[in-house]
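Trainee: Residue numbers (my numbering): 22 to 262.
After the C-alpha cells below, expect a handful of questions from me.
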C-alpha cells in the first residue's frame, strides 16, 4: 500500500506542483489549502505523514501541529517554511514538528526527508503498562542499557537518571539511546545525523544542537555533573564529569 500524505499549503501553485510530484513518487496525496481543512482531514482519516506550510491564513502550520500533539497524535510532521532564522525553525520543532524544509526547496530534498520520517515512524501500538523504575545494580536479563548514571529500557522506551524517569520525545529517546550505546565515544555530527535522521542536514544545520539542548535540559540536575559534552568542531560524547 502506498504511504498517505496530507499536504496543507495555501499557495496554489506550490500545492499543485508538490501534490503532482508526490503522486508521481508513489504517495497517495490529499491536498488542502489551510490549517482548518488539515485538522478536519486528519480527524477523518489519519495519514502516514503530514506536510504543513508554516504560514497559512487562520490556523497556521504551527498551530495545526500543536493541536495534533496535544491530542496525542504522533503522526510525523514535515514543515515547509520560508522563514530562515534559527529561532523560527526552533519554534517549529517546539510545536512538535519532526523536520522542516526551507523554501525554495528541491523536491528531491522533500522526498528524502519524507523517507527518513517514514522509516523512523513506528507502527501504532498500545502504550506499555506503567512499571516502577528498575532497581540499580546488575541486569542479568540484558534488557537495560546503563551508562553515566543513566538506565534505559529500549523495549519499553523508558529512561531514568537515578530514580527520576525522563519524559522524552521519540527523537530525544533515539538520540539518548545512541549516546548510551556509545558512552565515552565521541560521535561525529555526520554519524549522529545518519543514525537518527537517516541523512546529513549539512554543515549549517542547527537541528542536532537543538535536540542536544532539549536533552540536556531533561537530563541535567542541580549540583550533578553534565552528562552530554560537546567536542567542538567534532560532535558529542556521553560521560560523567
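C-beta: ideal position from N, C-alpha, C; glycine also.
Have a look at 86, 173, 73 and 214 and flag the residue whose alpha-carbon is nearest the alpha-carbon of residue 141.
Mentor: Taking the chain shown and counting its residues from 1, one reaches residue 141 at position 120. By alpha-carbon distance to residue 141, the top candidate from 86, 173, 73 and 214 is 214.
Trainee: What's the call for residue 92, buried or exposed, on a 16-neighbour Cβ count within 10 Å?
Mentor: Within the chain shown, numbered from 1, the residue matching residue 92 stands at position 71. It counts as exposed.
Trainee: How about residue 79 and residue 73: are their beta carbons less than 8 Å apart?
Mentor: Stepping through the chain shown from its first residue, residue 79 is reached at position 58. Stepping through the chain shown from its first residue, residue 73 is reached at position 52. No, the pair does not count as a contact, with Cβ atoms beyond the cut-off.
Trainee: Around the Cβ of residue 22, are there at least 16 other Cβ atoms within 10 angstroms (buried) or fewer (exposed)?
Mentor: Position 1 of the chain shown, counting from 1, holds the residue named residue 22. Its Cβ having fewer than 16 others within 10 Å, residue 22 is exposed.
Trainee: Mind reading off the beta-carbon distance from residue 118 to residue 86? Whole number of angstroms is fine, and I expect it under 8 Å.
Mentor: Taking the chain shown and counting its residues from 1, the one referred to as residue 118 is at position 97. Taking the chain shown and counting its residues from 1, the one referred to as residue 86 is at position 65. Correct: roughly 5 Å between the Cβ atoms.
Trainee: Looking only at its own chain, which residues have a Cβ that is under 8 Å from the Cβ of residue 252, when we skip the five neighbours before and after it?
Mentor: As a working mapping, residue 252 is identified with position 231 in the chain shown. Excluding sequence neighbours, residue 252 sits near 207 and 258.
Trainee: Along the chain, where does the alpha helix (DSSP H) containing residue 48 start, and where does it finish?
Mentor: As a working mapping, residue 48 is identified with position 27 in the chain shown. Note, residue 48: premise wrong, no alpha helix (DSSP H); not H, not E.
Trainee: Would you call the region 46-55 and the region 95-106 touching, i.e. three or more CB-CB distances under 8 Å?
Mentor: no
Trainee: For residue 37, which residues in the same chain have their Cβ closer than 8 Å to its Cβ, ignoring the five residues on either side in sequence?
Mentor: By one-based count along the chain shown, residue 37 stands at place 16. For residue 37, where only same-chain residues beyond five positions count, the Cβ hits under 8 Å are 52.
Trainee: For residue 206, does the three-state DSSP call read helix, strand or coil?
Mentor: As a working mapping, residue 206 is identified with position 185 in the chain shown. Residue 206: coil per DSSP, three-state reduction.
Trainee: Could you check the C-alpha separation between residue 192 and residue 34 for me, to the nearest Å?
Mentor: Along the chain shown, one-based indexing puts residue 192 at 171. Along the chain shown, one-based indexing puts residue 34 at 13. C-alpha separation (whole angstroms): 33 Å.
Trainee: Can you tell me whether residue 255 is buried or exposed? The criterion is at least 16 other CB atoms within 10 Å of its CB, across all chains shown.
Mentor: Numbered from 1 along the chain shown, position 234 holds the residue referred to as residue 255. It counts as exposed.
Trainee: Does the separation of the CB atoms of residue 236 and residue 197 fall below 8 Å?
Mentor: As a working note, residue 236 is residue 215 in the chain shown. As a working note, residue 197 is residue 176 in the chain shown. Cβ atoms of residue 236 and residue 197: closer than 8 Å.
Trainee: Considering only the alpha carbon of each residue, which of 76, 164, 123 and 70 lies closest to residue 24?
Mentor: For this step, residue 24 is matched to residue 3 along the chain shown. Among 76, 164, 123 and 70, the Cα nearest to that of residue 24 belongs to 70.
Trainee: Give the straight-line distance between the Cα atoms of residue 165 and residue 261, rounded to the nearest whole angstrom.
Mentor: Taking the first residue of the chain shown as position 1, residue 165 is located at position 144. Taking the first residue of the chain shown as position 1, residue 261 is located at position 240. Taking the straight line from one Cα to the other gives about 19 Å.
Trainee: What did DSSP end up calling residue 67 once you bin it into helix, strand or coil?
Mentor: Translated into positions along the chain shown, residue 67 becomes position 46. The three-state reading of DSSP puts residue 67 in coil, since its state is none of H, G, I, E or B.
Trainee: Where does residue 54 fall in DSSP's three states?
Mentor: Within the chain shown, numbered from 1, the residue matching residue 54 stands at position 33. Coil, per DSSP.
Trainee: Please list the terminal residues of the continuous beta strand (DSSP E) segment that includes residue 26.
Mentor: Taking the chain shown and counting its residues from 1, the one referred to as residue 26 is at position 5. Where residue 26 is concerned, the enclosing beta strand (DSSP E) stretches over 25-29.
Trainee: Tell me which same chain residues have a C-beta within less than 7 Å of the C-beta of residue 169, skipping the five on either side of it?
Mentor: Mapped onto the chain shown, residue 169 falls at position 148. Closer than 7 Å at Cβ, skipping near neighbours: 204, 248, 259, 260 and 261.
Trainee: Whose C-beta lies closer than 8 Å to the C-beta of residue 26 among residues of the same chain, with five residues either side of it excluded?
Mentor: Working through the chain shown from its first residue, we reach residue 26 at position 5. Around residue 26: 43, 48, 49, 50, 51, 68, 69, 70, 71, 72 and 135.
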